[in-house]
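Numbering of the sequence shown is given in full-length UniProt numbering, commencing with residue 1 and proceeding in unit increments.
Ideal Cβ placement from N, Cα and C applies to all residues, glycine included.
Fair warning: this is a prediction, and the values are worked out from it, not measured in the lab.
First the structure, in the form of structure tokens, and then the observations on it.
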Amino acid sequence: MKILIISPWFPNRVHPQDGNFVQQFAAITSQEYDVEVVCVVADPDIENGRTELVIHEEAYGRLVIVYYGGDGARVQRIWMRSRAWRQAIGELKSVPDLIHAHVLIDGGIVADRLARKWNIPWVLTEHASRFLQPWPKLRLPELVIARRAARRADWLLPVSPSLQRGMEQNGISGRYRTLANIVDETVFRPGPVDSERPHTFLHVSCFSANKNVEGILHAFKKLANEEENVHLVLAGHPPDETLLALVHSLHLRPRQISFPGYQPIEEIAALMRRADAFVLNSDVETQSVVLLEAIISGLPCISTRCGGPEDILTTDKLGILIPKRDVQQLYWAMKQLFDTGRPDLADRQNRQQMALERYGLKHTQASLQEIYQSLFSTADQ
């Protein structure tokens with residue numbers, strides 16, 4: 001059986017970390033099925049009106065990416081993106097047995113059209129935070145098209161109950177089932193505890209405005225003013241000049257803070273094993289893969305109430321939920337975890353086991369296999 005994965009988000013040369021969670025889906029799907037992936041990406045280095053086709057043979061299967069010139073007026077950008085999708089689909093080796101789309105706008109819209117053309121089933125995994133925004137970033141025409149496509153999907157698979165509620169509130173109706181993002185517990189796992197190092201708080205993100213890294217710095221400064229033996233690690237992206245200026249203005253010293261920058265997944269896992277707590281300070285998260293990675297690594301976590309994390313940190317044994325944009329509450333939560341003491345290996349392993357019951361690789365694989373097989377069985381009848 002062949003499964004086609006269609007996603008506007010996938011690791012690429014413009015955004016190397018974009019949609020790495022979709023790549024994880026491709027990897028586990030390829031263990032049971034033949035997989036082909038198509039993706040289109042706006043590339044500012046390509047002249048407007050031109051495209052570039054790139055095909056790779058990856059461990060999980062064949063990857064087709066079409067880069068296109070993404071400048072110009074909105075109508076021109078939409079036309080170029082549609083052209084890129086047509087070119088990518090034209091490079092497929094064969095018609096698949098099922099389509100697994102990621103991100104309704106516009107992976108799901110493309111999948112719906114192809115599924116009707118080929119008369120095959122399709123499912124959608126939704127990751128986009130647009131459905132959790134106070135004012136969703138959706139123009140009426142694309143919302144109408146998205147609603148129509150979603151109604152025809154065989155399954156809608158949001159990554160969290162919060163995201164499902166947001167989709168339903170925006171008129172996205174269909175056959176729903178929550179399917180969490182994938183975390184590989186062979187990579188993310190508890191490790192030996194070094195009691196000699198400072199009590200370490202870890203944050204991993206792209207440092208966008210939504211992640212509110214500045215708030216983490218202000219809260220940590222309040223803690224560092226009271227406690228000598230603390231350290232903050234901000235990983236996942238290099239700091240820009242504005243962030244470095246804030247570090248300087250707060251008089252945070254090198255022994256108190258570090259910026260590892262971009263890191264491969266194995267090193268992020270190693271950073272989590274060396275940390276004592278994880279901090280997420282976002283305004284909006286559909287689920288937060290990195291939060292799952294942290295609790296499966298055994299870390300107690302602090303997160304804002306921003307959507308998906310509220311479905312994860314359901315007990316104080318896993319972590320603490322705080323309001324958004326509240327430095328004082330974040331400081332108090334960090335202080336509470338510091339005063340509780342460094343979690344030992346047994347505590348981390350217990351926390352990991354609690355997480356694996358709901359979010360482990362085997363759990364997600366079994367759910368995905370059940371969904372696929374039910375659709376294949378129906379198609380054979």
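Residue 118 in three-state terms, based on DSSP: In the three-state reduction of the DSSP assignment, residue 118 falls in the helix class, which pools H, G and I.
Under a three-way DSSP split, which group does residue 102 fall into? It is a strand residue.
Please confirm whether residue 345 and residue 198 have their CB atoms less than 8 Å apart. Contact: no.
CA-to-CA distance, residue 95 to residue 303, given in whole angstroms: Rounded to the nearest whole angstrom, the CA to CA distance from residue 303 to residue 95 is 43 Å.
Are there 16 or more other CB atoms within 10 angstroms of the CB of residue 160, so buried, or fewer, so exposed? By the beta-carbon neighbour count (other beta carbons within 10 angstroms, threshold 16), residue 160 is buried.
Top-ranked residue by Cα proximity to residue 149, from 77, 182 and 175: With distances taken between CA atoms, residue 149 lies nearest to 175 out of 77, 182 and 175.
According to DSSP, is residue 384 helix, strand or coil? This structure gives no information on residue 384, because the portion of the chain shown stretches from 1 to 381.
Please state whether the Cβ-Cβ distance between residue 223 and residue 331 is less than 8 Å. Yes, Cβ-Cβ distance for residue 223 and residue 331 is below 8 Å.
Helix, strand or coil: which one does DSSP assign to residue 258? Strand.
How about residue 12 and residue 41: are their beta carbons less than 8 Å apart? For the pair residue 12 and residue 41, the CB atoms are nearer than the 8 Å cut-off.
I need the DSSP call for residue 298, collapsed to helix, strand or coil. Note: residue 298 maps to coil in three-state DSSP.
Collapsed DSSP secondary structure at residue 141 in the structure displayed: The answer is helix: DSSP assigns residue 141 an H, G or I state.
For residue 221, the first and last residue of its enclosing alpha helix (DSSP H): Start and end: 213 to 226.
With distances taken between CB atoms, is the gap from residue 183 to residue 5 smaller than 8 Å? Between residue 183 and residue 5, the C-beta spacing is not below 8 Å.
What alpha helix (DSSP H) runs, 4 residues minimum, are completely inside the segment 12 to 58? When DSSP assignments are scanned along the segment 12 to 58, the uninterrupted stretches of alpha helix (DSSP H) that are 4 or more residues long and fall wholly within it turn out to be 20 to 29.
Per DSSP, residue 197 forms a beta bridge with which residues? Note: residue 197 is not bridge-paired with any residue in the DSSP secondary-structure output.
With H, G and I counted as helix, E and B as strand and the rest as coil, what does DSSP make of residue 239? Three-state DSSP puts residue 239 in coil, outside helix and strand.
Out of 244, 263, 267 and 268, which one is the CA nearest neighbour of residue 257? Nearest C-alpha to residue 257: 244.
Looking at residue 131: is its Cβ nearer than 8 Å to the Cβ of residue 166? Cβ distance < 8 Å, so residue 131 and residue 166 count as in contact.
Could you give the residue range of the alpha helix (DSSP H) that holds residue 331? Counting along the chain, the alpha helix (DSSP H) containing residue 331 begins and ends at 327 to 340.
Between the segment 266 to 276 and the segment 307 to 326, can you find at least three pairs of beta-carbon atoms closer than 8 Å? These segments do not touch.
Can you tell me which of the three DSSP states residue 67 falls into? Residue 67: strand per DSSP, three-state reduction.
Taking 8 Å as the cut-off, decide whether the C-beta atoms of residue 38 and residue 88 are in contact. Yes, Cβ-Cβ distance for residue 38 and residue 88 is below 8 Å.
Which of helix, strand or coil does DSSP assign to residue 286? Three-state DSSP puts residue 286 in coil, outside helix and strand.
Less than 8 Å between the CB atoms is what I'm expecting for residue 287 and residue 181, so what's the real figure, rounded? Contact holds; Cβ gap of about 6 Å.
Quick one: Cα of residue 357 to Cα of residue 363, how far? Each residue's Cα considered, the two are about 7 Å apart.
Measuring alpha carbon to alpha carbon, tell me which residue in 361, 259 and 375 is nearest residue 427. Lying outside 1 to 381, the shown extent of the chain, residue 427 is not represented and no answer is given.
So, are the CB atoms of residue 217 and residue 247 less than 8 Å apart? Yes, the Cβ-Cβ distance between residue 217 and residue 247 is below 8 Å.
For residue 55, which residues in the same chain have their Cβ closer than 6 Å to its Cβ, ignoring the five residues on either side in sequence? Closer than 6 Å at Cβ, skipping near neighbours: 64.
Quick one: using the 10 Å Cβ neighbour count with 16 as the cut-off for buried, is residue 112 buried or exposed? So residue 112 ends up on the buried side.
Look up residue 303 in the DSSP assignment and say whether it is helix, strand or coil. Here residue 303 sits in strand by DSSP.
Length of the line joining the Cα atoms of residue 227 and residue 320: Their backbone Cα atoms lie some 20 Å apart in a straight line.
Cβ neighbour criterion (16 or more within 10 Å) applied to residue 249: Around the beta carbon of residue 249, fewer than 16 other beta carbons lie within 10 angstroms, which makes this residue exposed.
Am I right that residue 312 and residue 291 are in contact with their C-beta atoms under 8 Å? What's the rounded C-beta distance? Between residue 312 and residue 291, the beta carbon gap of about 6 Å places them in contact (Cβ cut-off 8 Å).
Are residue 252 and residue 211 closer than 8 Å when you measure CB to CB? Cβ atoms of residue 252 and residue 211: not closer than 8 Å.
Verify whether the separation of the beta carbon atoms of residue 48 and residue 71 is less than 8 Å. In this structure, residue 48 places its C-beta atom within 8 Å of the C-beta atom of residue 71.
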